[in-house]
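Take a look at the structure below.
Numbering (full-length UniProt numbering), first residue to last: 1 to 122.
Encoded structure:
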């Protein structure tokens with residue numbers, strides 16, 4: 001998916017900029033839909049309310065999977081690349097270099113799918 005930031009109060013994002021989405025999370029009980037995107041300052045993957053963005057292109061590449069995980073007393077449904085399933089995010093956030101490389105490789109693959117120009121991270 002390609003998203004465009006539509007909230008000028010969203011810290012570390014630029015209104016009007018386009019972002020590659022590499023995951024969508026739904027929590028029906030909490031009435032929340034969030035997306036995984038990279039923030040502007042350092043490219044860190046973050047989860048943000050989808051209402052902060054306009055969907056420019058809803059297409060997703062082949063190989064994305066649906067998974068379910070317990071979050072407190074509710075179930076969240078996630079749609080993301082199969083490479084990000086299981087304990088991927090735990091390992092990534094713990095600084096595992098293999099997972100960091102896997103993230104970058106997968107992100108580049110998604111960008112290529114969308115013909116999305118990669119912006120350098122300052």
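From the three backbone atoms N, C-alpha and C, an ideal C-beta is built for every residue, glycine too.
Because the structure is a prediction, the values reported are computed rather than measured.
**Study point:** DSSP state of residue 3 mapped onto helix, strand, coil
**Key:** Numbered from its first residue, the chain shown carries residue 3 at position 3. Note: residue 3 maps to strand in three-state DSSP.
Review point. So, helix, strand or coil for residue 50, using DSSP?
Key: Locating residue 50 in the chain shown gives position 50, counting from the first residue. If DSSP states are grouped into helix, strand and coil, residue 50 belongs with the helices.
**Study point:** Nonlocal neighbours in the same chain, by C-beta distance under 6 Å from residue 122, ignoring five residues either side
**Key:** Against the chain shown, residue 122 aligns to sequence position 122. Only weak support exists for where residue 122 lies, its pLDDT of 48 falling under 50; the value from the coordinates is given anyway. Cβ within range, chain order: n/a, list empty.
Review point. Tell me the DSSP bridge mates of residue 89?
Key: Taking the first residue of the chain shown as 1, we reach residue 89 at position 89. In the DSSP output, where bridge partners are listed per residue, residue 89 has none listed.
Practice item. Kindly indicate the opening and closing residues of the beta strand (DSSP E) around residue 66. Key: Residue 66 sits at position 66 when you count from the first residue of the chain shown. Where residue 66 is concerned, the enclosing beta strand (DSSP E) stretches over 64-71.
Point to revise | Top-ranked residue by Cα proximity to residue 88, from 12, 3 and 106 | key: Here residue 88 corresponds to residue number 88 of the chain shown, with the count starting at 1. Of the candidates 12, 3 and 106, the one whose C-alpha sits nearest the C-alpha of residue 88 is 106.
Review point. Using 8 Å as the threshold, is the stretch 22-29 in touch with the stretch 2-13, meaning 3 or more CB pairs across them?
Key: No, because fewer than three Cβ pairs between the stretch 22-29 and the stretch 2-13 fall closer than 8 Å, the two stretches do not touch.
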